[in-house]
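Written below as structure tokens is the structure these notes are about.
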Amino acid sequence: ERIPVDGKVLEGRSAVDESMITGESLPVDKSPGDSVTGATVNSNGFLKIKAVNVGKETALSHIIKIVEEAQGSKAPIQRLADQISGIFVPIVFGIAVLTFLIWYLWASPGDFAEAISKFISVLVIACPCALGLATPTSIMAGSGRAAEFGILFKGGEHLEKTHRLDTIVLDKTGTVTNGKPMLTDAIPADGFEETELLRFAAAAETGSEHPLGEAIVAGVKDKGLEIPKLTHFVAKVGAGISAEAGGKTILVGTRRLMESER
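End of the sequence shown sits at 262 in the UniProt record's numbering; the numbers just go up one at a time, nothing left out.
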């Protein structure tokens with residue numbers, strides 16, 4: 001369930017998916033006193049939240065505002081285009097009027113239709129509409145497309161200067177990686193087989209929505225292993241899960257969970 005507003009946790013514990021704000025793929029554990037951001041997703045626990053920022057004051061609204069301001073801001077090249085247009089338009093209009101007079105008085109005396117046709121032709125051909133529209137259209141399209149990929153430009157000026165970039169610093173998770181955990185290795189304790197460990201871990205995680213749990217299940221399925229049927233499942237927020245499958249009790253989670261269940 002999406003958290004509706006920015007706020008502070010009063011009661012409860014849960015893991016919150018903040019990937020849309022931070023880009024981090026793993027949920028962040030939340031407990032009383034922690035802050036939460038509107039539009040992030042509460043994964044599996046119960047949270048009672050005190051609203052702190054609502055409406056236009058939320059973090060998501062600020063991000064949307066940045067994109068809108070970037071699309072509406074003028075880059076230096078656009079200001080130059082506006083200056084040129086400010087000079088060019090009166091000149092073009094003057095030439096169009098002169099063309100009208102030449103055709104009406106000398107080239108085709110008294111032929112108003114022909115003269116007005118030449119007047120309009122000059123305006124259509126020489127009016128710098130494209131000069132004034134090209135830059136804002138490009139900025140709006142560019143900043144909007146960048147926002148789709150999680151890149152925010154604070155103004156057209158910054159977008160225009162990207163051609164000068166020689167160094168780019170990127171966050172790793174979810175930026176240069178796909179943002180989804182993958183099962184790579186399994187290290188069983190003495191007396192256990194890797195196949196058995198993976199099968200029962202996947203059985204327990206079939207009831208979980210945690211990204212690491214989903215990665216385990218997907219990895220085991222890719223290996224073609226049979227997953228025992230889950231018969232009991234309890235999520236222990238901030239610690240892990242307790243489950244039963246294939247006649248076995250399974251714990252998946254933190255060292256604290258393992259020690260508490262000894």
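The beta carbon of each residue, even a glycine, is placed where N, CA and C say it ideally should be. Since we're looking at a predicted model, the values are computed, not measured.
Boundaries of the alpha helix (DSSP H) harbouring F93: P76 to I102, taken from the DSSP string. Distances from the alpha-carbon of S19 to those of A245, K180 and A218 put K180 closest. A Cβ-Cβ separation of about 7 Å places A243 in contact with A203 under the 8 Å criterion.
In the three-state reduction of the DSSP assignment, E244 falls in the strand class, which pools E and B. With a minimum length of 4 residues, the unbroken runs of alpha helix (DSSP H) contained wholly in the UniProt domain "P-type ATPase A" (1-68) fall at 19-22.
The C-alpha of L10 lies about 23 Å from the C-alpha of T22. The Cβ atoms of V237 and A15 lie closer than 8 Å to each other. Measuring C-alpha to C-alpha distances from E205 to each of I116, G253 and F153 identifies G253 as the nearest. Around the CB of H163, fewer than 16 other CB atoms lie within 10 Å, so the residue is classed as exposed. The residues L159, in chain order, have a CB closer than 7 Å to that of G142 in the same chain once the five nearest residues on each side in sequence are set aside. C-alpha of M140 to C-alpha of I151: approximately 14 Å in a straight line. Within the model, the alpha-carbon separation for K56 versus H62 is close to 7 Å. Under the three-state reduction of DSSP, V124 is assigned to helix.
Exposed is the label assigned to N178, since fewer than 16 other Cβ atoms lie within 10 Å of its Cβ. Under the 10 Å beta carbon count, L183 is surrounded by 16 or more other beta carbons and is classified as buried. Shortest Cα-Cα distance from I84 to any of P128, P211, T37 and P109 involves P128.
The three-state secondary structure of T249, taken from DSSP, is strand. Minimum Cα-Cα distance from G38 among the listed residues V5, S260 and P109 corresponds to V5.
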